[in-house]
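Visitor: For the record, the sequence lines run as chains A and B.
For the first sequence, the positions run 10 to 348 when the numbering used here is used.
For the second sequence, the positions run 10 to 348 when the numbering used here is used.
We treat Cβ as the ideally placed atom computed from N, Cα and C, and that holds for glycine.
Protein chains: 2
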Amino acid sequence: MTEGRSRRPGPRIEEVARVAGVSKSTVSRVINGEKYVSERSRQAVHRAIALLGYSPNHAARTLAGSKANAIALVISEQGSRVLADPFFAGILRGVHAELAGRHVQLLLMMNQPLDGEDQVAYLTGGHVDGALVVSLHGEDPLPRTLHETGLPVVSGGRPLAGGGAPFVDSDNFNGSLGAVRFLISLGREKIATIAGPRDMAVGMDRLSGWRCGLAEHGMPVDLVVHSDFTPDSGALAMEELLRRAPDLDAVFVAADIMAVGALRVLQARGYRIPDDVAVVGFDDSVLASTATPPLTTVRQDVEQLGRTMTWRLLAELGGEEKLPQSMLLPTSLVRRGSA
Amino acid sequence: MTEGRSRRPGPRIEEVARVAGVSKSTVSRVINGEKYVSERSRQAVHRAIALLGYSPNHAARTLAGSKANAIALVISEQGSRVLADPFFAGILRGVHAELAGRHVQLLLMMNQPLDGEDQVAYLTGGHVDGALVVSLHGEDPLPRTLHETGLPVVSGGRPLAGGGAPFVDSDNFNGSLGAVRFLISLGREKIATIAGPRDMAVGMDRLSGWRCGLAEHGMPVDLVVHSDFTPDSGALAMEELLRRAPDLDAVFVAADIMAVGALRVLQARGYRIPDDVAVVGFDDSVLASTATPPLTTVRQDVEQLGRTMTWRLLAELGGEEKLPQSMLLPTSLVRRGSA
DNA sequence: TCCGCATCTGGGAGCGCTCCCAGAACCCGC
DNA sequence: GCGGGTTCTGGGAGCGCTCCCAGATGCGGA
């Protein structure tokens with residue numbers, strides 16, 4: 010009765026129905042691409058929509074329907090401080106590209122240790138249809154927790170525990186395996202590694218690749234120092250390695266950001282790169298090309314990672330069957346000056 | 010009557026009301042921070058919310074209310090490829106921190122040249138209450154366009170044209186002014202600059218600061234080469250400068266990412282840093298600390314930038330009056346090895 | 001005492017859709 | 001002709017909130 014409250018601009022579905030000469034229900038069916046609508050009605054509705062410039066109200070659809078028409082991108086706060094900076098834009102570009110043209114909102118959340126409870130409540134509270142979780146820390150419980158509540162989730166990066174949500178990751182193992190094979194093909198004989206932390210899958214997978222590469226040539230796999238994805242810790246690790254094996258002739262560093270620290274130490278000690286010591290990094294971040302000498306490194310396609318995660322999630326939401334549980338994306342060696 | 014349809018999980022406002030012993034209306038008032046609620050009721054409601062783990066349904070609030078309870082963070086696709094990577098995480102952390110505890114969704118959009126129309130339509134179509142636009146390209150029309158439609162907008166980074174949306178930016182001018190004064194205090198007498206592109210406010214502001222710093226000591230301001238925020242173009246610019254003034258003794262580079270290129274050229278030509286040539290960068294990105302030698306640079310607080318933008322937008326949405334049209338955030342000089 | 005105003009509260013009508021239901025229209029084979 | 005299906009359609013009850021309204025209560029001044 011009362012017409013007091015200010016209404017939003019634009020036509021409602023009711024007006025479309027009137028103009029098209031059908032009922033609300035039929036308009037709704039057309040909009041949602043359901044079957045059981047005659048060609049005649051469909052055309053009429055499309056014409057009415059175009060005529061009125063109608064666009065359905067997102068909130069109303071979400072409220073009335075059984076889906077939220079939105080997905081969340083959850084990024085671990087912690088990770089974002091360390092590794093994620095270079096990832097960030099890439100992942101997001103990928104997600105966005107894959108979302109283009111679909112009527113799905115992208116909600117952004119950062120995963121702070123503090124608000125774990127709230128976040129789970131929010132995510133499983135029907136506000137989103139699914140979640141992409143980018144958490145570099147392999148032991149982050151979020152993907153698993155969400156997965157167990159039944160919310161469709163795709164994890165970016167392999168969770169350490171396994172058995173939880175499906176994940177998409179770069180093929181870290183084969184990437185570093187390739188790097189080591191390359192170093193061996195160069196004739197290097199004493200190949201060390203600066204590995205990532207033990208509690209990150211990305212660190213462990215890259216370490217495994219290095220081990221495997223050496224093992225298949227019967228070479229010893231004892232020159233390992235763990236580090237934590239910062240330049241300074243990379244430098245410390247390099248010092249440690251040189252102390253243990255001053256005559257090493259190659260280092261595979263599990264991340265470019267650690268490699269720059271290692272480079273610094275090697276140069277300070279008078280080692281020529283790559284003549285005395287060959288260095289190979291991982292990631293192909295901007296640091297790799299700006300380092301002196303420019304870093305030979307294993308490239309991972311972060312944008313593709315974002316795309317693939319999104320594709321996998323949307324496919325699941327679309328009810329697709331027999332989706333791959335998890336996926337690894339290929340990496341490639343980028344040769345520059347350091348090896 | 011019929012209880013056929015599957016309801017979303019979680020408690021409704023009605024249950025909170027029952028547990029708190031008040032009405033729906035009162036719960037709603039508490040949630041929305043309205044006045045005219047007794048302290049007693051407020052407490053009871055808060056307790057009930059905590060007890061039940063209630064989180065309001067976003068779609069319902071949006072549908073019923075006059076606001077969308079969401080803001081958009083629009084990031085220029087273009088920018089994200091160049092400068093934004095280091096910004097990205099920082100801005101987002103800031104935005105997120107400022108949003109904490111408020112029931113405002115953060116929608117992420119990338120601003121591709123292609124979908125300008127759609128994007129404006131979407132943003133002004135009532136899906137969001139306001140927008141944060143991070144566009145490093147000063148001539149991006151989006152902030153202005155949105156602002157003119159009446160949508161509250163805050164631009165991150167000063168738009169070149171001016172007169173449009175309010176903006177928040179680092180104080181690029183004073184940052185570079187400080188850098189130049191510092192170089193002069195070191196006794197440097199022939200101070201060049203590698204500036205950013207002419208079509209980015211960030212580039213022009215940093216150039217102005219350099220000019221001003223030299224001018225106040227009566228020094229010539231002709232050693233300028235424009236470049237485009239990549240290491241390679243920084244290197245080219247450095248070569249050009251050395252051609253014009255082989256005896257320069259300092260360079261202010263308007264971004265760390267260009268500075269690494271400049272460093273490379275200087276070292277290749279046999280200049281000692283900082284003895285022969287002092288180099289100061291801008292941003293204090295990760296590149297600054299990993300460069301050899303580590304880069305003396307002007308630090309800007311990107312996280313604070315994100316926070317401030319968000320604060321400004323929310324304040325406007327909250328109906329606050331007499332807000333500053335635009336704001337500049339202080340920068341600080343970080344001394345490392347290059348100057 | 002009584003009125004006015006500020007403070008507080010609950011009831012209930014929507015917001016614009018989706019989706020269930022019931023039923024109409026039409027086709028097929030027996 | 002009749003039962004059984006498939007295709008199509010409209011009506012209308014919600015989805016979970018907000019916000020208007022009307023009413024209750026308390027306090028101060030005339």
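Measuring straight from C-alpha to C-alpha, what distance separates Ile-84 of chain B and Ala-263 of chain A?
Guide: On the second sequence, position 75 is the one that residue 84 of chain B refers to. On the first sequence, position 254 is the one that residue 263 of chain A refers to. Going from the Cα of Ile-84 of chain B to the Cα of Ala-263 of chain A covers about 30 Å.
Visitor: Below 9 Å between beta carbons: does that hold for Ile-80 of chain A and Glu-312 of chain A?
Guide: Counted from its first residue, the first sequence places residue 80 of chain A at position 71. Counted from its first residue, the first sequence places residue 312 of chain A at position 303. It is not a contact, given that the beta carbons lie outside the stated cut-off.
Visitor: In angstroms, rounded to a whole number, what distance separates the CA positions of Leu-275 of chain B and Ser-298 of chain B?
Guide: Here residue 275 of chain B corresponds to residue number 266 of the second sequence, with the count starting at 1. Here residue 298 of chain B corresponds to residue number 289 of the second sequence, with the count starting at 1. Spanning the two alpha carbons is a distance of roughly 18 Å.
Visitor: Any beta carbon of chain B sitting closer than 9 Å to that of His-146 of chain A?
Guide: Locating residue 146 of chain A in the first sequence gives position 137, counting from the first residue. Output row for His-146 of chain A: interface = no.
Visitor: Report the rounded CA-to-CA distance for Ser-37 of chain A versus Ala-109 of chain A, giving the unit in angstroms.
Guide: As a working mapping, residue 37 of chain A is identified with position 28 in the first sequence. As a working mapping, residue 109 of chain A is identified with position 100 in the first sequence. Roughly 22 Å separates the two Cα atoms.
Visitor: List, in order along the chain, the chain A residues whose C-beta lies closer than 7 Å to that of His-136 of chain B?
Guide: In the second sequence, residue 136 of chain B corresponds to position 127, counting from 1. By Cβ distance, chain A contributes His-67.
Visitor: For Leu-92 of chain B, which residues from the same chain have a beta carbon less than 6 Å from its beta carbon, with the 5 sequence-adjacent residues on both sides left out?
Guide: Position 83 of the second sequence, counted from the start, is the residue given in the question as residue 92 of chain B. Any answer about Leu-92 of chain B is weak, because its pLDDT of 48 lies below 50 and its placement is not dependable; what the coordinates show is given next. The answer, listed in chain order, is Leu-145, Phe-238.
Visitor: Residues of chain B with CB closer than 8 Å to the CB of Val-269 of chain A, please, in chain order.
Guide: If you number the first sequence from 1, residue 269 of chain A lands on position 260. Under the 8 Å cutoff, chain B gives Thr-299.
Visitor: Per DSSP, Ser-179 of chain B forms a beta bridge with which residues?
Guide: Taking the second sequence and counting its residues from 1, one reaches residue 179 of chain B at position 170. Looking at the DSSP assignment, Ser-179 of chain B forms a beta bridge with B:Leu-338.
Visitor: Taking Thr-158 of chain B as the reference, which of B:Val-233, B:Ala-140, B:Gly-165 has the closest Cα?
Guide: On the second sequence, position 149 is the one that residue 158 of chain B refers to. Here the closest residue by C-alpha is B:Ala-140.
Visitor: Can you list, in chain order, the residues of its chain with a C-beta nearer than 8 Å to that of Val-104 of chain A? Leave out the 5 residues immediately preceding and following it.
Guide: One-based indexing of the first sequence puts residue 104 of chain A at position 95. The answer, listed in chain order, is Leu-82, Leu-115, Leu-141, Gly-315, Arg-316, Met-318, Thr-319.
Visitor: Only counting the same chain, and skipping five residues up and downstream in sequence, which positions put a Cβ closer than 7 Å to that of Glu-330 of chain B?
Guide: Along the second sequence, read from residue 1 onward, the residue named residue 330 of chain B stands at position 321. No residues qualify anywhere along the chain.
Visitor: Should Ala-130 of chain A be flagged as near chain B, meaning a C-beta pair shorter than 9 Å?
Guide: Indexing the first sequence from 1 puts residue 130 of chain A at position 121. Interface residue, yes.
Visitor: Within its chain, find whatever has a CB closer than 6 Å to the CB of Pro-283 of chain B; leave out the 5 residues flanking it on each side and keep chain order.
Guide: Walking along the second sequence from the start, residue 283 of chain B turns up at place 274. So the qualifying residues of the chain are Ser-347, Ala-348.
Visitor: Mind checking Tyr-45 of chain B: buried by the 16 CB within 10 Å criterion, or exposed?
Guide: For the purposes of this step, residue 45 of chain B is taken as residue 36 along the second sequence, with counting starting at 1. Counting Cβ neighbours within 10 Å, Tyr-45 of chain B comes out exposed, since fewer than 16 surround it.
Visitor: If the cut is a Cβ gap below 8 Å, which residues of chain B does Met-336 of chain A touch?
Guide: Indexing the first sequence from 1 puts residue 336 of chain A at position 327. In chain order: nothing, as chain B lies at least about 23 Å away.
Visitor: Just to confirm my understanding: we take Asn-181 of chain B, look at its own chain, exclude 5 residues before and 5 after, and list those with CB closer than 7 Å. What are they?
Guide: For the purposes of this step, residue 181 of chain B is taken as the residue at position 172 of the second sequence. Contacts found: Val-211, Asp-214, Arg-215, Gly-218.
Visitor: Kindly list the residues whose CB is nearer than 6 Å to the CB of Arg-344 of chain B, restricted to its own chain and excluding five residues on each side of it in sequence; keep chain order.
Guide: To locate residue 344 of chain B, count along the second sequence from 1; it is residue 335. Same-chain partners within the cutoff: Thr-305.
Visitor: Can you grab the Cα-Cα spacing for the pair Gly-13 of chain A / Arg-70 of chain B, in whole Å?
Guide: Stepping through the first sequence from its first residue, residue 13 of chain A is reached at position 4. Stepping through the second sequence from its first residue, residue 70 of chain B is reached at position 61. Its pLDDT being 40, under 50, Gly-13 of chain A is placed unreliably by the model, and nothing is read from it.
Visitor: Give a yes or no on whether the minimum CB-CB distance between Val-295 of chain B and chain A is below 9 Å.
Guide: Counted from its first residue, the second sequence places residue 295 of chain B at position 286. For Val-295 of chain B, the answer is yes, since a Cβ of chain A falls inside 9 Å of its Cβ.
Visitor: Within the continuous beta strand (DSSP E) that includes Ile-84 of chain A, where are the two ends?
Guide: Here residue 84 of chain A refers to the residue found at position 75 of the first sequence. Note, Ile-84 of chain A: beta strand (DSSP E), 79 to 85.
Visitor: If we cut at 9 Å on Cβ distances, does Ala-93 of chain B have a partner in chain A?
Guide: Position 84 of the second sequence, counting from 1, holds the residue named residue 93 of chain B. Confidence at Ala-93 of chain B is low in this model, with a pLDDT of 48, below 50, so its placement is unreliable and the value that follows should be read with caution. So yes, Ala-93 of chain B belongs to the interface.
Visitor: With a cut-off of 8 Å on the beta carbons, I'd call Arg-167 of chain B and Asp-178 of chain B a contact; round off their distance for me.
Guide: Here residue 167 of chain B corresponds to residue number 158 of the second sequence, with the count starting at 1. Here residue 178 of chain B corresponds to residue number 169 of the second sequence, with the count starting at 1. So it is a contact: roughly 5 Å between Cβ atoms.
Visitor: Among B:Glu-325, B:Leu-323, B:Phe-261, B:Leu-342, whose alpha-carbon lies nearest the alpha-carbon of Asp-310 of chain B?
Guide: Counted from its first residue, the second sequence places residue 310 of chain B at position 301. With distances taken between Cα atoms, Asp-310 of chain B lies closest to B:Leu-342.
Visitor: Measuring CA to CA, which of B:Gly-42, B:Ala-106, B:Val-137, B:Gly-30 is closest to Asn-66 of chain A?
Guide: Here residue 66 of chain A refers to the residue found at position 57 when the first sequence is read from its first residue. Comparing Cα-Cα distances from Asn-66 of chain A to each of B:Gly-42, B:Ala-106, B:Val-137, B:Gly-30, the minimum goes to B:Val-137.
Visitor: Hey, how far is the Cα of Leu-337 of chain B from the Cα of Met-209 of chain B?
Guide: As a working note, residue 337 of chain B is residue 328 in the second sequence. As a working note, residue 209 of chain B is residue 200 in the second sequence. Going by the C-alpha atoms only, they are around 16 Å apart.
Visitor: Looking only at DSSP bridge pairs, what is Phe-291 of chain A linked to?
Guide: Position 282 of the first sequence, counted from the start, is the residue given in the question as residue 291 of chain A. In DSSP, Phe-291 of chain A forms a bridge with A:Val-307.
Visitor: What does Ser-64 of chain B touch in chain A if you count any residue whose Cβ is under 7 Å from its own?
Guide: In the second sequence, counting from the first residue as 1, residue 64 of chain B sits at position 55. Result: Ala-130, Tyr-131, Gly-134.
Visitor: Using C-beta distances below 7 Å, list every residue in its chain close to Ile-40 of chain A, excluding the 5 sequence neighbours before and after it, in chain order.
Guide: Locating residue 40 of chain A in the first sequence gives position 31, counting from the first residue. Once the five neighbours on either side are set aside, the close Cβ partners of Ile-40 of chain A are Pro-65.
Visitor: Which of the three DSSP states is assigned to Gly-327 of chain B in this structure?
Guide: Here residue 327 of chain B is taken as the residue at index 318 of the second sequence, counted from 1. Three-state result, Gly-327 of chain B: coil.
Visitor: Would you call Gly-243 of chain B buried or exposed, if buried means 16 or more other Cβ atoms sit within 10 Å of its Cβ?
Guide: Within the second sequence, residue 243 of chain B is the residue found at index 234, counting from 1. So Gly-243 of chain B counts as buried.
Visitor: Note down the Cα distance separating Ala-73 of chain A from Lys-33 of chain A, rounded to an integer number of angstroms.
Guide: Start at 1 with the first residue of the first sequence, and residue 73 of chain A comes out as number 64. Start at 1 with the first residue of the first sequence, and residue 33 of chain A comes out as number 24. Ala-73 of chain A and Lys-33 of chain A: Cα-Cα distance of roughly 14 Å.
Visitor: Cβ of Thr-306 of chain A less than 9 Å from any chain B Cβ?
Guide: Reading the first sequence from its first residue, position 297 is the one you call residue 306 of chain A. No, Thr-306 of chain A lies away from the interface with chain B (no Cβ there is under 9 Å from its Cβ).
Visitor: Note down, one range per segment and in chain order, each alpha helix (DSSP H) of at least 4 residues found wholly within the stretch 97 to 141 of chain B.
Guide: Listed in chain order, the complete alpha helix (DSSP H) runs (minimum 4 residues) inside the stretch 97 to 141 of chain B are 125 to 131.
Visitor: Along the chain, where does the beta strand (DSSP E) containing Gly-218 of chain B start, and where does it finish?
Guide: On the second sequence, position 209 is the one that residue 218 of chain B refers to. Looking at the DSSP string, Gly-218 of chain B is not in any beta strand (DSSP E); the run it does join, the alpha helix (DSSP H), is 210 to 224.
Visitor: Give the straight-line distance between the Cα atoms of Val-163 of chain B and His-156 of chain B, rounded to the nearest whole angstrom.
Guide: Walking along the second sequence from the start, residue 163 of chain B turns up at place 154. Walking along the second sequence from the start, residue 156 of chain B turns up at place 147. Each residue's alpha carbon lies about 9 Å from the other.
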